[in-house]
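Undergrad: Just so you know, we're using the numbering used here here: the sequence shown kicks off at 14 and counts up by one.
The C-beta atom is built at its ideal place from N, Cα and C for all residues, glycine as well.
Predicted model only: the values in this text are computed from it and were never measured.
Can you keep this structure in mind? I'll have questions shortly.
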Amino acid sequence: MKLKLTLLILAASLPFSAAHAQDPSAADKARDAFMKVDTNSDGALDLAEWKAAGRRERGFTMIDADKDGKVTPAELRAAMAKYGK
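What follows is the structure in structure tokens.
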């Protein structure tokens with residue numbers, strides 16, 4: 014249940030999320046929220062950024078599908094599709 018809630022929160026902060034299609038201002042807010050967490054501005058979240066945002070390492074490990082040490086917006090969307098239902 015906590016993972017589902019985490020995914021929902023993260024999905025809300027994704028650029029190009031469903032909110033983007035419905036409300037440009039929501040998409041701007043989501044992009045801004047992601048950019049705040051992405052402190053090194055590389056377009057992905059590393060484990061340190063993930064943990065600094067108050068997230069657990071377990072969730073990072075589950076979402077980092079290609080195991081490259083980064084969670085991208087695409088990986089977050091995929092996890093939301095897989096676990097968010």
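With a Cβ-Cβ cutoff of 9 Å, do residue 58 and residue 70 count as a contact?
TA: No. Outside cutoff.
Undergrad: Give the range of the alpha helix (DSSP H) segment to which residue 74 is assigned.
TA: First-last of the alpha helix (DSSP H) with residue 74: 70-76.
Undergrad: Could you name the residues of the same chain whose beta carbon sits closer than 7 Å to that of residue 76, not counting the 5 residues immediately before and after it, in chain order?
TA: Taken in chain order, the residues that qualify are 84, 88, 89 and 92.
Undergrad: Smallest Cα separation from residue 44: which of 86, 96 and 94?
TA: Closest by alpha carbon: 86.
Undergrad: Give the straight-line distance between the Cα atoms of residue 50 and residue 72, rounded to the nearest whole angstrom.
TA: Going from the Cα of residue 50 to the Cα of residue 72 covers about 15 Å.
Undergrad: Quick check: what's the CA-CA separation for residue 54 versus residue 48?
TA: Distance between the alpha carbons of residue 54 and residue 48 is about 7 Å.
Undergrad: Residue 74 and residue 65: beta carbons closer than 9 Å?
TA: Cβ distance not < 9 Å, so residue 74 and residue 65 don't count as in contact.
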